[in-house]
Structure formats: structure tokens, C-alpha cells
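Engineer:
Protein chains: 2
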Amino acid sequence: MYDGIVQELIDEFGRLPGIGPKSAQRIAFHILQTPTFDVARLSELLRDIRDRVKFCDVCGNVSEQDRCAICRDPRRNQTLICVVEDAKDVSAIERTREFRGLYHVLGGAISPIAGVGPDDLRITQLMTRLADGTVQEVILATNPNLEGEATASYLSRLLTTMQITVSRLASGLPVGGDLEYADEVTLGRAFEGRRVL
Amino acid sequence: MYDGIVQELIDEFGRLPGIGPKSAQRIAFHILQTPTFDVARLSELLRDIRDRVKFCDVCGNVSEQDRCAICRDPRRNQTLICVVEDAKDVSAIERTREFRGLYHVLGGAISPIAGVGPDDLRITQLMTRLADGTVQEVILATNPNLEGEATASYLSRLLTTMQITVSRLASGLPVGGDLEYADEVTLGRAFEGRRVL
Numbered sequence: 001m002y003d004g005i006v007q008e009l010i011d012e013f014g015r016l017p018g019i020g021p022k023s024a025q026r027i028a029f030h031i032l033q034t035p036t037f038d039v040a041r042l043s044e045l046l047r048d049i050r051d052r053v054k055f056c057d058v059c060g061n062v063s064e065q066d067r068c069a070i071c072r073d074p075r076r077n078q079t080l081i082c083v084v085e086d087a088k089d090v091s092a093i094e095r096t097r098e099f100r101g102l103y104h105v106l107g108g109a110i111s112p113i114a115g116v117g118p119d120d121l122r123i124t125q126l127m128t129r130l131a132d133g134t135v136q137e138v139i140l141a142t143n144p145n146l147e148g149e150a151t152a153s154y155l156s157r158l159l160t161t162m163q164i165t166v167s168r169l170a171s172g173l174p175v176g177g178d179l180e181y182a183d184e185v186t187l188g189r190a191f192e193g194r195r196v197l
Numbered sequence: 001m002y003d004g005i006v007q008e009l010i011d012e013f014g015r016l017p018g019i020g021p022k023s024a025q026r027i028a029f030h031i032l033q034t035p036t037f038d039v040a041r042l043s044e045l046l047r048d049i050r051d052r053v054k055f056c057d058v059c060g061n062v063s064e065q066d067r068c069a070i071c072r073d074p075r076r077n078q079t080l081i082c083v084v085e086d087a088k089d090v091s092a093i094e095r096t097r098e099f100r101g102l103y104h105v106l107g108g109a110i111s112p113i114a115g116v117g118p119d120d121l122r123i124t125q126l127m128t129r130l131a132d133g134t135v136q137e138v139i140l141a142t143n144p145n146l147e148g149e150a151t152a153s154y155l156s157r158l159l160t161t162m163q164i165t166v167s168r169l170a171s172g173l174p175v176g177g178d179l180e181y182a183d184e185v186t187l188g189r190a191f192e193g194r195r196v197l
């Protein structure tokens, strides 16, 4: 335990995800003892972040404007929408540079255990976006776990009535991985999704 | 990559020790998406921390006043000083509730590789504290690694001329540990320091 403010700072850092008491202490002392660390900058960013960051009216991605940079970009393929659970997934997909369409962030996945149903996700907004017929394909890129699969199959059923191609990201062996260490479900998926060469 | 401020916040968090790019992103989104997290509080603490926290004039521990809470406490044993490398070590020892004396924080350990010599540590201040003859025992609690041992042996040589007992924390098997997994140096130390029952 430390005098007042040092302990308070440790406690606050300890409330962040993935930071235990030891890491929080290490961070607090780093801030105290490293003159080159710009603590004023971090303080200002934290002060302003919630006021400055909104969520895009169209796709739900994080944005400093009403519409995010991707939705504003006319060079993006307007006929393709990739549906993801979270704004972090947008960033992960952007890093691949494989996808040049638009996104739709659901804000989670269907999970009866966590009490998240379809109404808690941005599904109505998705249907509104699809209504005018511009979009020709919806790629379901929810996570390949129980909740993500449930959400994908719910959405795919919802979209069957529309004249839209619905696809799902491939499951299989991770590139650079080792067959020996793959779990049986992943290996099974890799067989199911095998491609003729 | 995200729009402006979100990416800036991720980058700033990524500069803290033990936080990689993925953790930084997770933390930034936690702050954005968790209304219960008191971001204003963390911002204010960071704004004030460096102005409010000083280092104790006497022992070098962190403190909000010129003298730290331990040095100010008259119930602490004034004849006993425990020498540690870092203020974090004071907190670790305080948690044991085994030690009721005073501390002296060196601010590091002697390390030729890192370019830290005796003059870079608070050794002169320690000698000044010992000059009036109040202190009867100095416990060297530097880390049981190369730098810590070097620092302890340097200090122990420096103190031989004075009428002061110099001791070193015991090395040996960690409590709750497994003999089988102990490294040979630790196990050797445990034999050396064995106690007759």
C-alpha cells in the first residue's frame, strides 16, 4: 500500500482489462519514474476520448464524425457488406487489406447465457441498409465460436427472403499452424471446406 | 488503424510497460464502451500524479509529503534500516508485516552493463543517516540477482568500519514451491543456509 494518490492510480489501472495489481503497480511507477513518458498527453486523451468518439450512424464503427472514414470513402465497394461483432474486428480485417467493401458492426453476438438476443444487436439497422437493393453480398464475419455461429445462422435465415448472396468466412487450419496441434473441430472444418487444386 | 483519437489513445497505452498493441486496443475499447469505468477519474489522477508525488527526503520512498508515512511514524523501530533497490520493494516488504523498522531506497542496483555505479545510487544519503549512531542494524534487501548481490557486497564492505550489524535476506526455496523445480543455485543456497531444528 502506498500513500494516497499512488495507490489510487494503481487501483484505477487495476480496473482496466488484462491489468492485474502487479502490472498496475509497475505502470504507476513507470509513469512516476520515467520523465520521457508524456503523462499529460495520456491524461488529455482520456479526458476527451468519450466526448470526441462517436459510433458511425451507418455501420456502428468507431468514428470522430457522424459517419466513419470507411462509410465516407466513395472508393469502397458499396455492394458488399461485411458483418462483424465488434469495431475491433473492423480493424483486424482492414489490416489484411483483402476487403474493400463496407462493414456493419452488430455490437455483440447472440448469447442466451449472457442475455443478449437479436434485439440487442444492430440488426434492424442492417436490414434498413439492405432495403434499397444496392448491396449484393453480405459476408457474415462473426466469430467462429458458439455465439458467433448462432448469430450467423440467425442472420442467414433472416436474409434468405432477400435477393442477396450470403456468405460466411472460411473456417480451417490457421496459416503457419501445425496440423498436429489443431483441435478436432477445426480439423474437421478444414476437411469439410477442402478445395480442389 | 482507427480514426484519430482512438488510435492515439491505443498508441499511448502501448507505451506503458507490459502493454502490447492488442492489450492497448482492448483497454481503449473498454474505456469507450464501458460507461461504468470512471475515465475522468483516471484522467485527473494522471494529470496530478507527478505534481503531487515526491520522493521522501529521508528514505527515498514515494510520498505525498517531504517525509513519507513510514519515516514520520514514531512507532517504527528507528534502530533498524532495511535497504532496498526500489520503492516497489518497500511495498512488498510492508505486505509481509514482518518488518517494523525504517527503509532506505537506493533507486537501483550497481550494474556495470547498464552503466549504474555506486554514485548513481542513494548511498551517500544512507551513510549520512547512519552517522549519528542511532541505527544498530542494516538489512540488505537488494534483489537476489547479479546486480543486487554486487550492490549488497559493496555496501557490506562500506559498512565494515562502522559499529553496525549488517545482514542479508535469506536465499532458499520459496515457500509452497517444489524442490524438484528449484534451480541449482537456489537449491545450493538452501543447503548453505540450512537451519538446525
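Line order of the protein sequences matches chains W and E. For the first sequence, the tail end lands on 197 under UniProt numbering, and the numbers increase by one without skipping. For the second sequence, the tail end lands on 197 under UniProt numbering, and the numbers increase by one without skipping. Ideal placement from N, C-alpha and C gives every residue a C-beta, glycine not left out.
1. From Val53/E to Val62/E, what does the alpha carbon distance come to, in whole angstroms?
2. Please list the segments of the alpha helix (DSSP H) lying wholly inside the region 10 to 52 of chain W, counting only runs of 4 or more residues, in order along the chain.
3. Return no unless some Cβ of chain E is closer than 9 angstroms to the Cβ of Leu46/W.
4. Taking 8 angstroms as the limit between beta carbons, can you name the residues of its chain near Arg75/W, skipping five residues before and five after?
5. What in chain E is Cβ-close to Ile27/W, meaning under 9 angstroms?
6. Counting only Cβ pairs nearer than 7 angstroms, list the residues of chain E close to Phe37/W.
7. Would you say Asp86/E reaches chain W, if we count a Cβ-Cβ gap shorter than 9 angstroms as a contact?
8. Round the Cβ separation of Ile31/W and Val39/E to the nearest angstrom and send it over; I've been treating them as touching at under 8 angstroms.
9. Could you check whether the Cβ of Ala40/E sits closer than 9 angstroms to any Cβ belonging to chain W?
10. Does Ser93/W get closer than 9 angstroms to chain E when you measure Cβ to Cβ?
11. Just the C-alpha distance for residue 260/E and Ala114/W, rounded to the nearest angstrom, thanks.
12. Does the region 153 to 169 of chain W touch the region 177 to 185 of chain W, meaning 3 or more C-beta pairs lie closer than 8 angstroms?
13. For Glu8/E, decide whether its Cβ has a neighbour in chain W, counting only Cβ atoms nearer than 9 angstroms.
14. Let me check understanding here. Comparing Cα to Cα, which of Asn145/E, Val105/E, Pro112/E lies closest to Met127/E?
15. Applying a beta-carbon distance threshold of less than 7 angstroms, which residues of chain W neighbour Arg52/E?
16. So, with DSSP's three-state summary, where would you put Gln78/W?
17. Taking all protein chains shown into account, decide if Phe13/W is buried (16 or more other Cβ within 10 angstroms of its Cβ) or exposed.
18. What residue from Arg26/E, Leu16/E, Pro21/E has the CA that sits closest to Thr36/W's CA?
19. Taking Cβ to Cβ, would you say Ala28/E is nearer than 9 angstroms to Leu46/E?
20. What in chain W is Cβ-close to His30/E, meaning under 7 angstroms?
21. Using CA coordinates, which residue listed in Gln125/E, Gly107/E, Ile123/E, Gly193/E is at the minimum distance from Gln33/W?
22. Within the UniProt domain "Toprim" (79 to 174) of chain W, note down every full beta strand (DSSP E) run reaching 3 residues or more, in order along the chain.
23. Run through DSSP, which three-state label would Val196/W get?
24. Grab the span of the alpha helix (DSSP H) containing Cys59/W for me, first residue to last.
25. In whole angstroms, what is the alpha-carbon distance linking Val83/W and Glu147/W?
26. Is the CB of Val62/E under 9 angstroms away from at least one CB in chain W?
27. For a quick check, are the C-beta atoms of Glu85/E and Asn143/E less than 9 angstroms apart?
28. Please check if any C-beta of chain W sits within less than 9 angstroms of the C-beta of Ser23/E.
29. On the criterion of 16 or more Cβ atoms from any shown chain inside 10 Å, does Leu140/W qualify as buried, or is it exposed?
30. For Ile139/E, return the contacting residues in chain W, with the cut-off set at a CB-CB distance below 8 angstroms.
Structural biologist: Reading from the atomic positions:
1. 7 angstroms
2. 21 to 33, 39 to 52
3. yes
4. Arg100
5. Leu16, Pro17, Gly18, Ile19
6. Arg15
7. yes
8. That pair is no contact at about 16 angstroms.
9. yes
10. The question names Ser, yet the displayed sequence has Ile at residue 93/W. Judged by the 9 angstroms Cβ criterion, Ile93/W is not in contact with chain E.
11. Past the edges of chain E, shown from 1 to 197, lies residue 260/E, and the structure says nothing about it.
12. no
13. yes
14. Val105/E
15. Ile5
16. strand
17. buried
18. Leu16/E
19. no
20. Leu16, Pro17
21. Gly107/E
22. 101 to 105, 137 to 140, 165 to 168
23. coil
24. Looking at the DSSP string, Cys59/W is not in any alpha helix (DSSP H), and its letter there is neither H nor E.
25. 14 angstroms
26. yes
27. yes
28. yes
29. buried
30. The contacting residues do not exist; Ile139/E stays about 21 angstroms from chain W at best.
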